[in-house]
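To keep things clear, I will list the structure first and then write my remarks on it.
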Amino acid sequence: MAASQPLRGPAPTVSLLRDTAVGTGPAVAAVLVSGVLGVEGLWPALAGLLAGALVAHLIARLWIGQAAALATWIIGLGGGEEGRRPALVLGSALEWVMWPALDLARRARRAERQAALQSRRLKTVLDALSDPVLLVDARGTIVDANKAARRTFGLDRTGVPFARATRDPGVTAALRAALEAGNASTVVFSPVDDRLRRFAARIQPTESPDGSRGAVLALREQSEQLLIERMRSDFVANASHEIKTPLAAIIGIVETLRGPARDDPAAREMFLATLADEANRMRRLVDDLLSLSQIELAAHRPPATRVSLADVLQETLARMRPVADAGKVRLVLDAPPSLPDVVADADQLHQLLGNLIDNAIKYGGPDKDVRIEVRLLDAAPATAGPVAGRPAVEIAVVDQGEGIAPEHLPRLTERFYRVDKGRSRKVGGTGLGLAIVKHIVRRHQGHLAIESELGRGSRFAVFLPLPAEGDHGTVTVRS
Ligand SMILES: Nc1ncnc2c1ncn2[C@@H]1O[C@H](COP(=O)(O)OP(=O)(O)OP(=O)(O)O)[C@@H](O)[C@H]1O
Ligand SMILES: [Mg+2]
């Protein structure tokens, strides 16, 4: 009975006494009337009994009718409808049932509302998680899934077996162990149809509302980590390969020099020249790898020194002029008469410009111009990543070479990526130049934009902020 709800209506004994009084009233009245009128014999008693039975019958009918109405109303309460309360005879003892029933129903409804609110809250929290969370029943069927899980596994409804959503034998076996033996575990798996993604799934047995065992699966996506691991192993494989090629040539030449070319001065000279080329190539590769790792090490320490852009440009051009002359290329500087200082790492700026000019000379072809165009911008274009809309200096290296096909543009700044491997090797490329450029630009919180058209040439533009603020540099490509 509801403790907070005081009992309402008359106490049953009072109501019982009243009904007894009403029921026996006619009999008492008959006896009194016959006494006054002086009627004797069996008739007054019989008449009183009959009248009493009639009144008792009517009272009983009234009670049964009200009890039935009350029962119907209570059933309605159970179904959630309060409806109209039954009209009880004034002071009926049935009120002792009606009010607690009403109180109970209201409490149940409040509890239901609160449970619904809790469940909605829990759903909001789970949907806000970026990691997938799933609930499965004893048969391994998904009975609930948060937004991330639905997105990840393309679930447009529940009721799908978890094994079918992931199709990975390892996680299926771990789920079975959780459901059958109550074992909690963590498994790492990749969905069969998307091996580029990886998840760590924490599987926790739980009890379903029907008392059977179910399980909660909390997944954590590790795809980015997987990508980094792949990139690292690709890098090691590529770097080893790049080192192995000149090394094999050096070993071959040394053997030839020791053997067949031993007593042939002309051949020896030729082989020694190749040996020097290959050794230089290895040194360039090691130098590039070292500078790449140094730039990466300093990636989170933005440069803090003021550097004269005019000086950097002049020095780089002076350094690159002999290379341009050797490649029969004319270097043309197109810059405003006075240039501001930039907050930069001077060595890295030299390296950045040197790499871009070197590429333009190498891939621009002989008897062509390579233009270095410098522009001061009040607001960099919207495509300039983190520099967009801010005061910036744009340094573009423009060549008139063969250009680059659009499909290669997004990959140019990957380590060891070369459009034409053989050609790049022949001109002494290691495939690390643009990767170095990208990392330097990023460290300077700038932006690298590459535009190229086959048959017309390429334009590599670097935007550096003036003054340096903002976040990381990015690369956009356009053809
Ligand atoms: N100006 C350009 N014109 C045409 N292709 C280019 C140009 N710059 C770069 N590339 C292409 O992009 C590839 C990657 O350039 P990157 O500078 O990273 O390497 P590389 O020049 O081959 O070697 P490295 O610069 O390490 O000596 C080059 O191999 C070349 O195919
Ligand atoms: Mg290069």
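In this note's numbering, the protein residues as written are 1282 to 1760.
Beta carbons: idealized from backbone N, C-alpha and C, even for Gly.
In this text, all values refer to a predicted model and were calculated from it rather than measured experimentally.
Beta-carbon separation (whole angstroms), residue i vs residue j, contact threshold 8 Å
i, j, result
"P1584", "H1725", "6 Å"
"H1631", "V1593", "6 Å"
"I1423", "L1403", "About 17 Å separates the two Cβ atoms, so there is no contact after all."
"Q1681", "G1645", "6 Å"
"I1531", "A1560", "7 Å"
"F1443", "L1415", "7 Å"
"G1666", "H1728", "4 Å"
"A1742", "A1730", "5 Å"
"Y1698", "R1706", "Y1698 to R1706, Cβ: 13 Å. No contact."
"V1567", "V1623", "With 8 Å as the limit, V1567 and V1623 do not qualify as a contact, their Cβ atoms being about 30 Å apart."
Reduced DSSP category for residue i - H, G, I as helix; E, B as strand; rest coil
i, result
"V1468", "strand"
"H1581", "coil"
"E1750", "Bear in mind that a pLDDT of 46 at E1750, under 50, signals an unreliable position, so the number given afterwards is only what the model happens to contain. E1750: coil per DSSP, three-state reduction."
"L1498", "strand"
"A1374", "coil"
"L1297", "helix"
"G1727", "coil"
"R1740", "strand"
"Q1506", "helix"
"T1305", "helix"
"L1745", "strand"
"I1721", "helix"
"P1486", "strand"
"I1810", "Because the chain here runs from 1282 to 1760, residue 1810 falls outside it and cannot be looked at."
"E1362", "coil"
"E1734", "strand"
"A1368", "coil"
"A1332", "helix"
"E1321", "coil"
Residue i CB to nearest heavy atom of ligand 2 below 7 Å
i, result
"D1474", "no"
"N1640", "yes"
"L1715", "yes"
"N1464", "no"
"N1636", "yes"
"G1710", "yes"
Contact check, residue i vs residue j, beta carbons under 8 Å
i, j, result
"I1653", "I1676", "yes"
"A1374", "S1315", "no"
"R1777", "E1488", "There is simply no residue 1777 to check, as the chain begins at 1282 and stops at 1760 in what is shown."
"D1639", "M1601", "yes"
"L1335", "L1358", "no"
"P1256", "L1460", "No answer is possible for residue 1256: the residues shown for the chain start at 1282 and end at 1760."
"L1637", "E1683", "no"
"P1546", "G1608", "no"
"V1651", "V1668", "no"
"L1598", "L1614", "yes"
"H1720", "I1576", "yes"
"V1303", "I1340", "yes"
"R1366", "W1354", "yes"
"P1617", "L1657", "yes"
"L1482", "L1507", "The sequence shown places Ala at residue 1482, rather than the Leu named in the question. No. Outside cutoff."
"R1562", "G1712", "no"
Proximity test, residue i beta-carbon vs ligand 1 heavy atom, cut-off 7 Å
i, result
"S1574", "no"
"S1514", "no"
"V1700", "yes"
"L1693", "yes"
"S1504", "no"
"S1471", "no"
"S1400", "no"
"D1569", "yes"
"K1643", "yes"
"D1680", "yes"
"I1685", "yes"
Min CB distance residue i to chain D below 8 Å
i, result
"T1467", "Absent from the structure is chain D; it holds one protein chain and no more."
Handout entry: Unbroken stretches of the alpha helix (DSSP H), 4 residues or longer, contained in the stretch 1397-1472
Key = List check, alpha helix (DSSP H) in window: 1428-1433, 1443-1447 and 1450-1462.
Practice task
Could you pull out every unbroken alpha helix (DSSP H) segment of at least 4 residues lying fully inside the stretch 1578-1665, listed in chain order?
Solution key: As far as the stretch 1578-1665 is concerned, its whole alpha helix (DSSP H) runs of at least 4 residues are 1590-1607 and 1627-1645.
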